[in-house]
Each structure stands twice: as structure tokens, then as C-alpha cells.
Amino acid sequence: MRTLNTTTLDNMERFIIDYQKRKGKSPSFREVMKALNMSSLNLVRTYILALENSGRIERTRLGNIDMLPKLRPSGVAITPIVGSIACGQPVDAVEQIEESVTLPRAIFGGGDLFILHTHGDSMIDIGIKHGDLVVIRKQNTAENGDIIVAMMNGETTLKRFYKRNGKVVLHPENKEMKDIIVKDCEIQGVLVSCIHIYN
């Protein structure tokens, strides 16, 4: 059996823990491979098995990386509906809890969740329509391609996030609309799911 690199084992464990804390779920083997610049999925599996055998992580019955017990979410999340978000031009941010609903953690994952009504049609090309509810995980960081709640000068909008050439690009998922390009923005959360409202 090949000798495993202890630094790689430590880095993998650290990445898994950090990922679970940030996203409320476990990374896929492919995400681990990309993050640690590993050569193959088989190599990732070898290291994952070593971490499991040493008791540093657990795996599900399907063989995926399980949430660490201390980070494992409870069965449900009491999630507030806190107002509206623009799917168009940014609008004044007003946070007001309208009501709270129960969401299953098995579907929506961990973390601090909140819900917003959507207004506008800037995200219709990915199925987010006016009047839908979007479930957001509260966090202040995002990766390129994430759909975020962005605040700029006291106004909020829901857009796809990119960092390019030192600037922030807020990309609408509507081919009729143009990107919003700013120096910076405050990230208030990342999209987890969209709940369609059928009238």
C-alpha cells in the first residue's frame, strides 16, 4: 500500500471542515480533488478512506463524506421570511420578518437560512420568476458563479457573482439585461433554492 502524505491528509481534513462550516454540507470528491489539486478521483478516495479509518471523518452509507457530528444540522430549520429582493435594478433594503416557516435540513442544508420574495425578471433564464421565494444561506463570502444577495449603497439585488479584473460583476440571468459592474459590494448571502409560487 502506498505511503500517504500527512500534509495532504491534514489539508484535506481542514478543507472538509471549512467547507462544511461555510456551506452547511459536505464537498464532493471532485470538489476535494480540485481544491487540493489532486491528480485523480481514485487518489481522493484513498485519502478519504484513510481519514475515515483514523476516525477523522465519517462517510455516509453511499460512501460520500458525511457531516461531522458537531456540524451536523438538526432535522429542520425555522426560517424567517424577511422581505423582498430585486431581480432587476437594486431596491432599498428593508429587512422585516413577515413570518417563519419550517424547512427540512436534509433538503436545504445547514447554516443560517432566510427567505426573500423576488421582484422583477432579471433571473428568469434560470427559472427564478417574479413572486417566487428564494432560500438564502447567510454568509459574507461567495465563489465565482454563486448567486448572491448583494448590497450596494443600502440597496439589494439578486445576481450571479463574478470577480473579474479587481471588480465585482453582478450578472443577470436574462439575456435582455446587462451586467452591473462595481468596485465592491456587500455579500449578504448565497442562494440555496428557489420555491416557485403557482397562482
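When we follow the working numbering, the leftmost residue of the sequence shown carries the number 102, and every step to the right adds one. No residue lacks a Cβ here, since even glycine has one placed at the ideal position from N, Cα and C. Everything numeric in this text was worked out from a predicted model, so none of it was measured.
**Request:** With DSSP as the reference, please indicate the residues paired to Cys295 in a beta bridge.
**Result:** If you number the sequence shown from 1, residue 295 lands on position 194. Looking at the DSSP assignment, Cys295 forms a beta bridge with Val235.
Per DSSP, cross-strand counterpart(s) of Lys264
Position 163 of the sequence shown, counted from the start, is the residue given in the question as residue 264. Bridge partners of Lys264: Val269.
* Taking buried to mean at least 16 other C-beta atoms within 10 Å of its own C-beta, is Thr258 buried or exposed? -> Here residue 258 is taken as the residue at index 157 of the sequence shown, counted from 1. Label assigned to Thr258: buried.
Collapsed DSSP secondary structure at Ala243 in the structure displayed
By one-based count along the sequence shown, residue 243 stands at place 142. Coil at Ala243, not helix or strand.
Name, in chain order, the residues that DSSP records as bridge partners for Ser201.
As a first step, residue 201 must be located in the sequence shown, where it is residue number 100. DSSP lists Pro181 as partners of Ser201.
Exercise. In the structure shown, what three-state DSSP assignment does Arg115 receive?
Worked result: Mapped onto the sequence shown, residue 115 falls at position 14. In the structure shown, Arg115 sits in a helix (DSSP, three-state: H, G or I).
| said: According to DSSP, simplified to helix, strand and coil, what is Ile149? | reply: On the sequence shown, residue 149 is found 48 positions in, with the first residue counted as 1. Here DSSP, grouped into helix, strand and coil, assigns Ile149 to helix.
So is Arg238 buried or exposed if we call it buried at 16+ other beta carbons inside 10 Å? Taking the sequence shown and counting its residues from 1, one reaches residue 238 at position 137. That one is buried.
query: Should Asp233 be labelled buried (16 or more other beta-carbon atoms within 10 Å of its own) or exposed?
result: Working through the sequence shown from its first residue, we reach residue 233 at position 132. The residue in question, Asp233, is buried, as its Cβ has 16 or more Cβ neighbours within 10 Å.
Problem - Span of the alpha helix (DSSP H), counted from its first residue to its last, around Ile282 - result: Start at 1 with the first residue of the sequence shown, and residue 282 comes out as number 181. Element bounds for Ile282: not the alpha helix (DSSP H) but the beta strand (DSSP E), 281-283.
Given 8 Å, three or more beta-carbon pairs between the region 178-187 and the region 214-228:
yes
Check your understanding: Which value, in whole angstroms, describes the spacing of the CA atoms of Tyr299 and Lys230?
Key -> Numbered from 1 along the sequence shown, position 198 holds the residue referred to as residue 299. Numbered from 1 along the sequence shown, position 129 holds the residue referred to as residue 230. About 10 Å.
Buried or exposed: where does Arg261 fall if 16 or more other Cβ atoms within 10 Å of its Cβ makes it buried?
Your numbering for residue 261 matches position 160 in the sequence shown. Flag for Arg261 reads buried.
Taking Cβ positions, are Leu292 and Ile248 nearer each other than 8 Å? Here residue 292 refers to the residue found at position 191 when the sequence shown is read from its first residue. Here residue 248 refers to the residue found at position 147 when the sequence shown is read from its first residue. Yes, the pair counts as a contact, with Cβ atoms nearer than the cut-off.
- Query: Glu277: which of Ile288, Ile208, Ile225 sits nearest, CA to CA?
  - Reply: In the sequence shown, counting from the first residue as 1, residue 277 sits at position 176. Residue Ile225 is the option with its Cα nearest to Glu277.
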